[in-house]
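A short write-up of the structure that comes next.
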Amino acid sequence: MKKGFIFTIDILLSLLVALGFFSGIIIFMSEPSTPQFSTTDLHQNTLSALISLEANDTLRDAFSQNLTPRIMEFLNNATASNLCFNLTFLNDTFKIEQNHVKANCSRQNQIAIARRPLYAGERIRMVTLEAWYK
Amino acid sequence: MDLILAIIVFIMLLVSVLIFWEHAQSRHDQVIAKHDIGIVSRLAAQTLLQSPGNPASWEYFPGFNASQLGIVDSPFSLNINKVETLVLWNSTDYVNIKNSLGLQGYDFLIEIYNYSTSSKQFQNAPSYLVGKNVSVNATEVVRIERTLKHISDWKKLVLQVWK
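Read top to bottom, the protein sequences are chains A and B. Taking the numbering used here, the leading residue of the first sequence gets 4, the next gets one more, and so forth. Taking the numbering used here, the leading residue of the second sequence gets 362, the next gets one more, and so forth.
In structure tokens:
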């Protein structure tokens, strides 16, 4: 029988193992070394955005007036471009009254949430702001 | 022939391990450096934006006297008088400001941007600058951005810490 260049199954297996090892190292080295974003940062951004929305009593007044243009202006133009937000207004029985999502945002897994209870219309209401990276 | 192939395989494995070791060491050093600058930057941002500082009315004292610097009245609610005082002190007390923010060993730049209601976006040029411009030779830079409330208005703070 004519012998080939690789003539034993042992050699073939050892070559495969070596190639697998080499490829594994290349893949490991090409991955980013640290997480791109920080959860702490995301949470701080959420808190600062929710408090900023209180300027001009926007959050409280949104329960009695249509402030959607101002809220959307804030979410779309005044927040960091790499962040997405979902702002929800809950009534005194915690049912959703309004919901505003920043433009061009689709839901991701890593989410930070900030909540703000408010006294509006002689009732305690709740506003929640969810944030995630684009 | 088996021996030659075995030697080739052995050399491949050896080279792989050497490359991996070299890379792992440099990655470890990078991670430690990034971790450290990331932590101090976030702590500095927290110090600035979560409390008015200590003493709370440090901006009314004649010289730098604050053991802790904060530029807000309450969390994320900007006090522009405090920012203006920092701008005044920047040329003479940069090192003191840096140290009270816990940024020893690093340099920093704080920028405050006004929101323009006519163009419906933050202005391109900052209204207030505290610190030093980021050097072109900086090896590590961390950038932290926050939206803030200022009376009935919005402002944006950008803190850059660099080395």
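Every residue, glycine too, gets a C-beta built ideally from N, C-alpha and C. These numbers come from a predicted model, not from an experiment.
Asked: Using 8 Å as the threshold, is the C-beta distance between E472(B) and V519(B) below it?; Found: yes
Asked: In the structure shown, what three-state DSSP assignment does L19(A) receive?; Found: helix
Asked: With 8 Å set as the bound, which would you pick, yes or no: does the beta-carbon of W515(B) sit closer than that to a beta-carbon of chain A?; Found: yes
Asked: Kindly list the residues whose CB is nearer than 6 Å to the CB of D454(B), restricted to its own chain and excluding five residues on each side of it in sequence; keep chain order.; Found: F425
Asked: Helix, strand or coil for Y421(B)? Go by DSSP, reduced to three states.; Found: helix
Asked: Relative to the C-alpha of V522(B), which candidate in L375(B), S479(B) and R403(B) has its C-alpha closest?; Found: R403(B)
Asked: Is it buried or exposed for N48(A), if we count other Cβ within 10 angstroms and need 16 for buried?; Found: buried
Asked: Residue range of the beta strand (DSSP E) that F437(B) falls in?; Found: That residue, F437(B), is in no beta strand (DSSP E); it is neither H nor E in DSSP.
Asked: What span of residues does the alpha helix (DSSP H) with F77(A) cover, start to end?; Found: T71 to N80
Asked: Would you grab the beta carbon distance between A81(A) and L132(A) for me? Rounded to a whole angstrom, and I think it's under 8 Å.; Found: So it is not a contact: roughly 13 Å between Cβ atoms.
Asked: Can you confirm whether V401(B), when its beta carbon is compared against all beta carbons of chain D, has any partner nearer than 8 Å?; Found: This model lacks chain D altogether; the protein chains it does include are A and B.
Asked: In chain order, what residues of the region 12-25 of chain A put their CB closer than 7 Å to some CB of chain B?; Found: I14, S17, L18, A21, F24 and F25
Asked: Counting C-beta neighbours from all protein chains within 10 Å, is the total for A405(B) 16 or more, i.e. buried, or is it exposed?; Found: buried
Asked: If you draw a straight line from the alpha carbon of V461(B) to that of N415(B), how long is it in whole angstroms?; Found: With the sequence shown as reference, residue 461(B) is identified as Ser, and Val is not the correct amino acid for it. Each residue's alpha carbon lies about 10 Å from the other.
Asked: For Y455(B), name the three-state secondary structure that DSSP assigns.; Found: helix
Asked: To the nearest angstrom, report how far apart S480(B) and I398(B) are at their CA atoms.; Found: 35 Å
Asked: Grab the span of the alpha helix (DSSP H) containing S51(A) for me, first residue to last.; Found: T42 to S55
Asked: For F371(B), count the other beta carbons within 10 Å of its own beta carbon; 16 or more makes it buried, fewer makes it exposed. Which is it?; Found: exposed
Asked: Using a Cβ distance threshold of 8 Å, determine whether the region 381-388 of chain B contacts the region 101-115 of chain A, with at least three qualifying pairs required.; Found: no
Asked: Quick check: F66(A) and A123(A), are their CB atoms within less than 8 Å of each other?; Found: yes
Asked: Who are the near neighbours of T500(B) in its chain, counting only those whose CB is closer than 7 Å to its CB and skipping five residues on each side?; Found: K524
Asked: Going by Cα to Cα distance, which pick from V448(B), N498(B), L374(B) and V433(B) is closest to I512(B)?; Found: V433(B)
Asked: Based on the DSSP output, what are the partners of D514(B) in its beta bridges?; Found: H511(B)
Asked: Given that a residue counts as buried once 16 or more other Cβ atoms are within 10 Å of its Cβ, and exposed if not, what is T508(B)?; Found: buried
Asked: Would the beta-carbon of R119(A) fall within 8 Å of that of L78(A)?; Found: no
Asked: One question on the structure: do L410(B) and F381(B) come within less than 8 Å of each other, judged by their Cβ atoms?; Found: no
Asked: Which runs of the beta strand (DSSP E) fall wholly inside the region 71-133 of chain A and span at least 3 residues, in chain order?; Found: 86-93, 99-104 and 115-123
Asked: Since L464(B) and V401(B) should fall inside the 8 Å C-beta cutoff, what is the C-beta to C-beta distance between them, to a whole number of angstroms?; Found: 6 Å
Asked: From S17(A) to I30(A), what does the alpha carbon distance come to, in whole angstroms?; Found: 20 Å
Asked: With C-beta atoms as the reference, is D44(A) less than 8 Å away from I458(B)?; Found: no
Asked: Checking contacts by CB at 8 Å: is M32(A) closer than that to chain B?; Found: yes
Asked: With distance defined between alpha-carbon atoms, name the residue in F422(B), I393(B) and N494(B) nearest to L470(B).; Found: N494(B)
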